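In the UniProt record's numbering, the protein residues as written are 1 to 673.
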């Protein structure tokens with residue numbers, strides 16, 4: 001999530017459907033999935049093809065698999081039967097009892113109570129709702145019936161266990177959250193008990209009502225609810241809300257204008273939910289609730305005013321921070337588009353040094369430029385201070401904010417010094433590259449591309465577009481790091497070519513020319529075949545930085561399709577030039593530091609052709625390039641095909657040489673067939 005990069009992807013065959021969420025077995029580090037209700041699949045990270053991994057066909061339909069960190073996976077079947085995964089794998093076709101008859105499971109959850117796995121699930125039949133509690137080791141099952149509520153029904157459930165008591169929270173359609181207590185220790189053998197419920201929270205404030213779709217428990221006094229907040233006479237607006245259940249108050253809310261899927265997850269003090277087309281992650285921290293904090297009237301002399309750093313701008317574009325100026329509050333921090341790497345500790349407990357940083361930045365807001373930069377440099381020199389990375393992020397944010405308020409101010413050298421000497425990431429200073437793009441500071445962009453591990457594909461594309469659009473004459477006046485190109489690039493001086501030795505792996509230009517029967521001049525032929533670099537060394541170095549950036553094809557391709565046709569052709573010419581250069585070497589490796597690899601070159605060529613193939617086929621200036629690229633690749637395929645034919649003979653020759661006495665002189669003639 002922090003780098004926005006997929007670590008693994010597995011697909012079932014066409015026609016097969018994954019029918020319950022995939023989970024991870026924490027004990028064996030394996031993934032467990034069920035497709036077509038009954039087919040169990042288990043695999044590890046190194047596995048690629050799901051068809052070749054472990055498969056077991058079960059005798060009953062699976063509703064859900066729950067993975068417990070200390071108790072192993074637990075499988076809940078649609079008929080209410082429960083098995084641990086270990087027991088199930090001993091005999092996959094074992095008969096599974098049908099407990100709930102005509103009832104339909106609506107929700108389930110699993111917990112560990114001591115060393116005892118406990119499963120709870122809710123069912124519905126003809127408008128009545130039932131709750132089952134299964135203790136696996138004791139093989140005990142208790143059934144309860146929820147007390148009916150007139151004109152409303154449960155929409156969502158969540159639960160937690162504490163002191164041998166299950167607290168079940170139910171979100172009803174009348175916009176009320178009820179609490180139900182279920183003791184784990186049951187002495188009675190009654191088949192069905194009625195569970196009474198008590199009002200926990202009414203989801204209305206100041207005439208507005210929250211139509212919740214899902215919710216999670218944060219601690220004993222706070223819950224988070226995702227839903228639509230509707231005021232009388234206004235359009236409902238989707239939002240994420242935090243409620244204090246102890247004092248019945250809305251703690252904070254944030255509108256989500258791009259819409260959500262209605263699902264909210266919570267894991268390790270982070271919210272996960274979809275906002276538009278992206279996954280949004282919000283870090284939070286709950287501390288002891290108080291009435292003053294709940295109504296926003298808490299005064300704390302030890303906490304400075306940091307309200308100027310509270311930013312409720314649009315999710316996905318800006319950093320979001322909510323702070324209630326207290327250690328008895330709920331703090332939220334949204335990391336736009338899954339970027340979390342360097343901000344993991346930014347919403348940790350407030351430390352004295354962090355407070356001094358915030359106060360210092362407030363004091364420097366209107367300071368003269370010289371004083372402003374001197375104080376920031378002095379702040380950065382405190383290498384041993386806690387949360388040093390977060391402090392550097394605050395320094396860069398302060399610099400960028402001054403750039404925004406004063407367009408004439410741009411501390412290029414200061415920013416370069418910070419990026420080159422500190423271990424930063426894009427998520428720590430998301431506005432830095434945006435300002436560099438606006439200023440067309442290509443050197444800073446090059447360094448960021450080389451050093452940041454988590455750059456979004458949209459920013460990578462923006463850098464590529466800027467690099468391709470800037471003129472060569474302008475770039476010659478700019479300081480650019482050329483270490484990735486200086487060892488291999490071909491440059492013309494007064495029509496004299498300076499180039500490395502060529503060993504073309506099986507590519508015969510004359511032979512290919514005869515086959516295609518294409519008549520072009522020698523000069524054009526050389527340039528089309530990639531012997532001259534189509535861009536200058538400065539632009540080549542910048543493009544190499546883009547080639548080294550990690551990306552996800554699914555996220556980059558839509559942006560790449562917007563690249564102007566002429567720039568796409570120029571980029572493809574450069575990639576083709578690199579491809580030819582790599583093929584000149586036996587090990588297909590370009591010399592130099594941070595030079596592109598053959599895999600990076602090929603991946604970008606394929607990506608660019610996927611994005612622009614139709615346009616390039618129609619462009620006259622791209623026709624010859626595509627033709628020569630096709631011929632070169634075909635010659636490479638033919639060459640390696642010929643090598644494959646004699647692979648067996650070469651291995652036999654190597655084996656014979658090992659068997660003979662190296663001190664004996666002989667001449668042999670071997671016929672390769």
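Note that the Cβ used here is the ideal one computed from N, Cα and C, for glycine as well.
Computed from a predicted model, the values in this text were never measured in an experiment.
From residue i to residue j, what distance separates their C-alpha atoms?
i           : j           : result
residue 60  : residue 261 : 30 Å
residue 639 : residue 588 : 14 Å
residue 25  : residue 115 : 17 Å
residue 137 : residue 556 : 49 Å
residue 391 : residue 218 : 28 Å
residue 635 : residue 480 : 36 Å
residue 655 : residue 52  : 34 Å
residue 408 : residue 402 : 10 Å
residue 193 : residue 143 : 7 Å
residue 58  : residue 41  : 11 Å
residue 284 : residue 476 : 48 Å
residue 533 : residue 559 : 26 Å
residue 377 : residue 258 : 40 Å
residue 538 : residue 484 : 10 Å
residue 370 : residue 411 : 11 Å
residue 611 : residue 553 : 11 Å
residue 617 : residue 582 : 25 Å
residue 723 : residue 646 : Because the chain here runs from 1 to 673, residue 723 falls outside it and cannot be looked at.
Do residue i and residue j have their C-beta atoms closer together than 8 Å?
i           : j           : result
residue 127 : residue 171 : no
residue 222 : residue 251 : yes
residue 129 : residue 108 : no
residue 264 : residue 271 : yes
residue 181 : residue 146 : no
residue 72  : residue 88  : no
residue 20  : residue 74  : no
residue 468 : residue 613 : no
residue 224 : residue 240 : yes
residue 118 : residue 158 : no
residue 419 : residue 448 : yes
residue 414 : residue 424 : no
residue 630 : residue 594 : no
residue 44  : residue 30  : yes
residue 200 : residue 179 : yes
residue 543 : residue 442 : no
residue 161 : residue 113 : yes
residue 169 : residue 177 : yes
Please classify residue i: does DSSP put it in a helix, a strand, or coil?
i           : result
residue 552 : coil
residue 391 : helix
residue 115 : coil
residue 539 : helix
residue 469 : helix
residue 622 : helix
residue 451 : helix
residue 212 : strand
residue 33  : strand
residue 9   : coil
residue 545 : helix
residue 589 : coil
residue 137 : coil
residue 568 : helix
residue 514 : Its pLDDT being 41, under 50, residue 514 is placed unreliably in this model, and the coordinates cannot settle the point.
residue 630 : helix
In or out: residue i buried (at least 16 other Cβ within 10 Å) or exposed?
i           : result
residue 69  : exposed
residue 104 : exposed
residue 152 : exposed
residue 495 : For residue 495, the predicted model reports a pLDDT of 37, less than 50, meaning its position is unreliable and no value from the coordinates is stated.
residue 641 : exposed
residue 244 : buried
residue 545 : buried
residue 446 : buried
residue 374 : exposed
residue 36  : exposed
residue 175 : buried
residue 134 : buried
residue 666 : exposed
residue 207 : exposed
Indicate whether the contact test is met: 3 or more Cβ pairs, each with one atom in the stretch 478-488 and one in the stretch 454-463, closer than 8 Å. no
Validate contact between the stretch 559-576 and the stretch 617-629 using beta carbons, cut 8 Å, 3 pairs: yes
Decide if the stretch 563-570 is in contact with the stretch 591-603; the criterion is three or more beta carbon pairs, one per stretch, under 8 Å apart. no
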